[in-house]
Structure formats: C-alpha cells, structure tokens
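Numbering that gives the first Met the number 0 puts the first residue of the sequence shown at 0, with every later residue one more than the last.
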Amino acid sequence: MNHGYAQQIDLTCSHCNYSFSAEAWLLMDLAKQPELLPRLQAGDLHIFACPACDQVVDLDAPLLIYRPAAALPLLFSPAQSTTAEQDQEQAAGLLGLLQERLGDAWQEVWLAEGLPGLPRPFLAAALSDDPEAALRDLVDQAQEAIGLPEPAQAQALADSLVAWIQQETLDDAEAYLREHEADLLTDEAAVVMQMLVQSNSQNPTLADHQQRLNQARALGIAAMYAAIRRQRQHEGLQQAIQQGLAQVGHLGQVLWAFLADEDDDKAANRLQSEANTLLTLDAGQLFEQLIEAVGELGDEQIAARWTARWEVWQTAYQARLGRPLRPTPVEAEPRQTQPESWTDREEQQTAVADRGSKYTIISAHNSAIGDNALVINNIGQLPLRWKRPSEGDPTRARAAVGREAELAELHQRLLAGQNAALVSRGTSAALRGQPSIGKTTLAAMYVDRYGDQYPGGVFWLTVGPALRTADSVTPILQRMAGFAYDADLQAQTLLANTVFAAERVRALLAGHGALLAVIDDVWDAAALREIQAALPADAFTLLTTRDYNVAYALEDSPAVIQQLDVLSPEDARLLLQRGAPGLPQELADRVASGLGRHAHALSLAAGALKARKAHRYGQTAAELLQRVAAGQGFGDLPRMDQAERLTPVEVAAKYSYDYLGEGAAGADWQAQFRGLGALAQEAEFNLFAASALWERGDSEAEEFLLLLDGLSLIQETDRGGRWRQHAILRAYALSLQTTEERAVFPERHADYFISLTQQCHESKPRDYARVEQEFAQIQHAFSWCEQQSPRRATRLTLLLNDFMRNRGRVPLLNQWLQTALQGAEIHGDRLGKANTLKSLGDLERR
C-alpha cells in the first residue's frame, strides 16, 4: 500500500499571471514511489512548468519522507521561507497523516530522539546512492566558495576536531561537540576536517568522524548520536543473539539464518526446505523466547522485524498442522511363497542397526532348555516357572448382547481346525475390513465362555495399526515368553539387551497343554506370521482383522474365515433396550433398522436415548432417523481418511456430540471430546491423563468421563479408573480438532506421559510395571516428540533406556536412541548427546 500523500495546489505564474493547479507531494513513501526519487535528487520535485508560457514556478512546501527500511525511517525537510514555529506545525500535521495511514505498522521509536530535520540543499546528497561522497562534494563546493581558513584558525579547528575524536566515550564526544558546536559545525571546520582526512587517508577513524560531522550538520547533534547508539545496540544485540543461538546447536543456527535473511521470499523458502527443524514446536517456543527477550531489551527495530517473521512462521506451521495426522501406512511385505525355515531363523543370531549397534537374539542356536532352566550361551541360566495366562476382555464381553449363532459357529471352527479369523461381512472394497462391526466383542465373548477349556491358558494379544512388521511385534513375543520364567529383577538384569526369537518363545510355551491365542486387530500379514511362529503347534488361534487378505494369510486359505455381519434384528433390539431401558419394541426396531443394525452405531444411539430420558425417546429416535435419512454426519472432514467414515456410526456419534454442545458448558465439553483424539489409538488411559489433557481438576474430569461413558463415547475398563475409546470415535475426535488444538492437545499429552515416566524412573524401586501399563501412550507421545519436539524425544528416550533394555524392546530402543541422538545434535544438548552415545555403546558391548 502506498502511504504517500499529494495535495492539489493553486499556483500563479509570476511571468504571465496564469493560474493553474498542480499536484504537490508533501508525504513521500520512497519504498512505494521510487519513481519520485530522481526528481527529488534533481531538486525539481516542487518545480512546475506554467501551461501557458512554460516558465518555471517554484513551490516552497514542506516534505516528509518515509523510508521503512532505512536507519532513519523518517526525514523532514521544511519549507525554506517558513519560521521554526510553522515548520513544527507542518511537521506535526504530516506525521499525524502518516501515522493514520500506517495504522499498526507505526512505531513510536522512530520519534524517540525527535524528528530528524534536513535542509533542502542537503536532501539530494542524503538520499543519493553514496551519501558520504555527495556530502563531501558539498563540502568541497563550500570550501571553494569560502576559501581556506587562516592558518591560526585552521590549527585551532584541527586541535578541537582531534580533541573531539579522542573522547573516550560516546557520551563524552557528544558533550564535547555540543560545547564546541559554534566552531565545529561550520563550513570552515568541514574544510579542516577534509584536510585531516586527506593527510591521514589510512586512518578510518578520521573518515568515520568526518561522516559524523556532516550528519551532525545535516540532522543535528542529538539525532546523529541517537542513530549511532541505536545502530550499536542493534548490532550488539544481533551478535549476542547469534552467539547464543550457536550454543543451541543446529536448531539455533537454522533459526538464525531464517531471522537474519534480508529477503522475505528466501526466508519463506527456508521454512519449507528446513521444515523438519524449523516447523516444530521446539522451534516455535525458542522463537517466542527470542521475541520476548528482544522486546524486553527495547530494540523495537529487531522486534518489529522478527514479529513479522513470526507471523510467516505461524502461517507455515499451522498449514503443516492442517495436514492429515495419520501416519503413512507401512507397505505390506511381499507374500513369501515358502515360509521361512527354522534353519534360516537360527542363523539370525544378531540384529545390526544402522550405527552398528547390536543386541542378542536368544534362539535355538545360542540357548538350550534343560531341567527347569533356560541356559543362554555367554549370558547365564534363567530359571523357568510356568504361569498359566488367563487374559481376555471381560468388560467388553459383559457389555455384549446376542451373537449366539456367531459364537457357536466360531467355537465349531476352532474345534475343527484350531484357527479362525473374524472379518466383516462382504468382500467388496467398501465393506472389507469394515471397523466397529463387533469382531473384538465376539472374540471377548468367546474367551469369556470357553477360555477355561484351554489347559495352556489364553493370550489376548492386541496388535493394532502401529505394529505392521515382524520386528514391531517383538514386545508382544517378549511378554508371552515372560509367562515361562520368573520375571524378577535377576531375570531382568540377565535379559538386558536381549530378545527372544519367535522359535524360542514357541519352545518356552510348549508342553503346557493347548492354549488359545487371540490376536486382535491385525493390520498386516507380516506381523501375524511373526506371532504365529511363536505359538506351539497345538495352539489355537483366533484372529480379528479388518483386512480380508490378513485373514486369508492365517492359513493361506479362506476356509478359516468367519465373516461377521451386522446384528440380527432381535440382537439389535436387545442392545438398544438394554442401553435405554423401557424403549418400546417398535421404536427400537425402527432405530435399529435406520442405523443398519450396526453394533457400534446402536451403542451410541442407546447412550443418546438414555441421556435424553425416557419421556423423549420418541423425539430422540425421530431426530436420529431424520439425520440418517439426510446423511447428516460431521460434514467435510478433510483430515480424516474417508475409508474410516461409516455413515451409521458417524450420524449417531454426531448426535451425541451435538448433545454435548447443549447448555452453558457445551463448547468446553465438545472441546474436551475433541481432545481425546490426541490419545493413542485403542490404548487405555486413566483419569489423571484425561485431567492433564483437558487441564481440569480430577473430580471435574471424572464427572465428564462418566458422562462420555453414559453416551458410549468411551468405555470404562474392568480396572476401575481406566478408560478406552473406540478407534473410529478417536478418528472423529482427531479430525474435528481445530488448528490450535492440534498443537495444544498433543503437547499436553506428551508432557503428562514424560512426567509420568520421570516419576516411575525416580521411584525406588523403579516402577516398570506402571510404565509397561502406559507404554502404548508413551510410544504415541514419542512419535509426536520425534516430529515436533526432538528435545523431548531425547529426554524421554534416556528415561526409558533401562526399561526398554530389560523389557524386550531392544530393537525399538536402538531406533529411539538414534532419534534421541539427532535431537541432541539439533539442540546442541551436549549432555544428552553424551548419554545417548553411552547407551548406544552399551548395546554394542553386549
């Protein structure tokens, strides 16, 4: 925007008395009006030709010049025939006009030392490409006009000039120049100064003070010294900040390059090329600290510039947050035509990481199972003691209704062939792997009813979308192996830096009778095969998955696949009536039919019906069905994978979400529901995690959790005080988050679980059981830290180093340590880097 101002002036030609109007610029914005600069330098900005006779008409008018990028952004050149009082009035008027036009961009610091004034003869020189040379020319012209001073006068002026130059401080020099202003701010002194410079051409101090003397004559002593002080402060502050940022490591260096770049376009491009470093929460927090520090130091020039860069950073950061938050799916490993042989497995004695870090894989090659002990070569003897596993999901089983026919079919499949896979009904792309149909619930019902019939016990192995490779399920195998030996401190020390190979887990679990392994929510065949390899030959396997191909991989045959459909009309009615007592049969059937008898949608509908009370059953049901008919879910959710969207579930969930929005606390309640999207998928959490996420007191948070439980938006587990949320509801919550919430909620989540990890680490003895219980959330927090806060990632890894070494997560630890090392280098964290390198070295030495 051009902030300049021109006024129409009525002029009369003195030669022919012709009257005419002319446009006279009184306020110039040189950044937006560079075409006026040549006229200004030529001295004809206020000179106009008479239209009648072509004679020159010279207008005597003031001029305010605005140069936002200059050391002196404002210059005032008064009219030449006005009084000082008139000059002040005209300057005030033009300043007020400029302030009004600039709005928020106006800076009071520009007038901190007064308004610099410049006589019109000096204006062209001050605005030239080489102001010093132009001012020297003026001095030369003055010297020629007045001639050289008398020798005695010249010597006295030279002595005074040298004394001025030799003043120790800037304050002393200013005081001296003020005291001798009448002698030194003269044409004669300028001539003598030129003679001193010419006779001492190798002395830069003389040339510098010649420039100061010229500026003092042009701008005034106060303005000249004020500009020097501002420049020194500016340069000193920049140097101090640059040195400080250099201590912060790579992040500080990259941030300084972004701030120091004079070219706005290049700075914006740097944000994209260094996005992994600059567009992170750590970078943003460091940036905010810098702006605050500069503001406290009073350097408004730097503060204004960096504030503008902060706005550019914010825009880029928010754009990055606006992208889908789901991780890129891991590509499925190619299907092997032949299973991996046991010989091949035994030869894999050591896994080697990128850096050369090693950990021991306990396999048949380096261990032997004897009488009540597992002997591991070069490590020691591990006493064996079998503990029958008895795992399941009783809360989910108790909440289930119906499904008796499907349960009977599942039992017959397992008895007949040892393996069964539950998938959703249908093989089309739209239905295959449909979530929230009740697969896990049916598996929980089976364990609850038939689990005692398996003498070897029952394993409930939750896999989930994060574990898609063979290596990723290593912690599951280590947990299974732990049922064969005493997992005491001695065993943990013995097994540090080791992991059990699948075939050795298989041997440890064998010989205790047939066991049942429920492998829940598998997303990739590679993870399934690794777990299968750890199961004894007589084990029974129950698999749940959204993916038909994963189910097929259970036996490379469709024979084991049981396709699970929506609820039967009777079961759907029962589910609604149990959740909403007293719901009439006919109304229940209409709601069930409208929601496609989809189990999860019906659970949500039952919660909504109950929340709105029995006397509103008819109204609530009608509103739900109307939304289904209109397809009124959450609308456009660009950050949500469309494959995860199910119309019946979405409509029911949206109805409950809208219910949360009613009343005085509605907006806060909806925000708290959205906050649950920051939690790990399908992972339990406790009351205190929710309190931290919402920044609410424990009592208030618990009341809201119970409200969500009543609406079936979350579910309390068997262990009181712990909760979980279905993956599809988490996906909706995450996708509904605002840009600000996508930054705030994950940070709160990470800080809570880092703090919890620290407490467990510092407790005596260390509370590894609690860390194990919360590890899914901790791992989710680490994934966020890796992207947004490398500083936190380093801290969290070092806190978990011993836990992961002792709990069968050595491959994962090696990956985390590599990330932690990068984080320490980015932040210049020498202690963190040293500790990380030591931990990597410990892995190598074992």
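Ideal Cβ placement from N, Cα and C applies to all residues, glycine included.
S754 counts as exposed, since fewer than 16 other C-beta atoms from the protein chains shown sit within 10 angstroms of its C-beta. Between the alpha carbons of L156 and V191 lies a distance of about 7 angstroms.
The three-state secondary structure of L534, taken from DSSP, is coil.
Distances from the CA of A538 to each of G840, C12, V521 and V504 were compared; the closest alpha carbon is that of V504. Note: L117 is not bridge-paired with any residue in the DSSP secondary-structure output. Within the same chain, L26, M27, D28 and Q32 come within 6 angstroms of G3 by CB-CB distance, once the 5 residues on both sides are set aside. Taking all protein chains in view, the Cβ of F687 is surrounded by fewer than 16 other Cβ atoms within 10 Å, so the residue is classified as exposed.
Rounded to the nearest angstrom, the Cβ distance from A23 to H45 is 6 angstroms, consistent with a contact under 8 angstroms. In the DSSP secondary-structure assignment, E22 is bridged to Q7. C-alpha of D392 to C-alpha of A682: approximately 13 angstroms in a straight line.
Between the alpha carbons of K386 and L830 lies a gap of roughly 42 angstroms. Within the segment 502 to 584, complete alpha helix (DSSP H) segments of at least 4 residues are found at 524 to 532, 547 to 552 and 568 to 578, given in chain order.
In this structure, L675 places its C-beta atom within 9 angstroms of the C-beta atom of A732. Under DSSP, D828 shares a beta bridge with no residue.
Per the Cβ contact rule, the segment 780 to 790 is not in contact with the segment 804 to 811 (fewer than 3 Cβ pairs under 8 angstroms).
Between W459 and V472, the CB-CB gap reaches or exceeds 9 angstroms. Annotated three-state conformation of P150 is helix, per DSSP. Measuring C-alpha to C-alpha distances from A125 to each of R718, R177 and F75 identifies F75 as the nearest.
For S762, no alpha helix (DSSP H) run applies, since DSSP gives it neither H nor E. Burial is judged here by how many other beta carbons sit within 10 angstroms of a residue's own beta carbon; C49 has at least 16 and is buried.
In chain order, A162, W163 and Q166 place their CB closer than 8 angstroms to the CB of Y175, counting only its own chain and leaving out the 5 sequence neighbours on each side. Taking C-beta separations shorter than 6 angstroms and ignoring five residues to either side along the sequence, the partners of R402 in its chain run L441, following chain order. Taking 9 angstroms as the cut-off, the Cβ atoms of S655 and L692 do not count as close. Annotation note: the segment 699 to 735 contains the following uninterrupted beta strand (DSSP E) runs of length 3 or greater, listed N- to C-terminal: 721 to 723.
For Q317, same chain residues with a beta-carbon under 6 angstroms away, outside a window of 5 residues either side, are T738 in chain order. Under the DSSP assignment, Y65 falls in the beta strand (DSSP E) whose first and last residues are L62 to Y65. Beta-bridge analysis with DSSP links Y656 to no other residue. Beta-bridge partners assigned by DSSP to Y445: none are found. In the DSSP assignment, D57 is bridged to I46.
Bridge pairing for S76: L62 [DSSP].
A483 and L795 have their alpha carbons spaced roughly 30 angstroms apart. In the structure shown, the three-state DSSP call for L285 is helix. Taking a contact as a CB-CB distance under 8 angstroms, the pair D519 and T439 counts as one, their CB atoms being some 6 angstroms apart. A217 is the residue among E390, A217, D171 and D555 whose C-alpha sits nearest the C-alpha of L122. Residue burial is scored here from C-beta neighbours: L705 has fewer than 16 other C-beta atoms within 10 angstroms and is therefore classed as exposed. Across the set R319, G481 and A419, the C-alpha of G481 shows the shortest separation from the C-alpha of L381.
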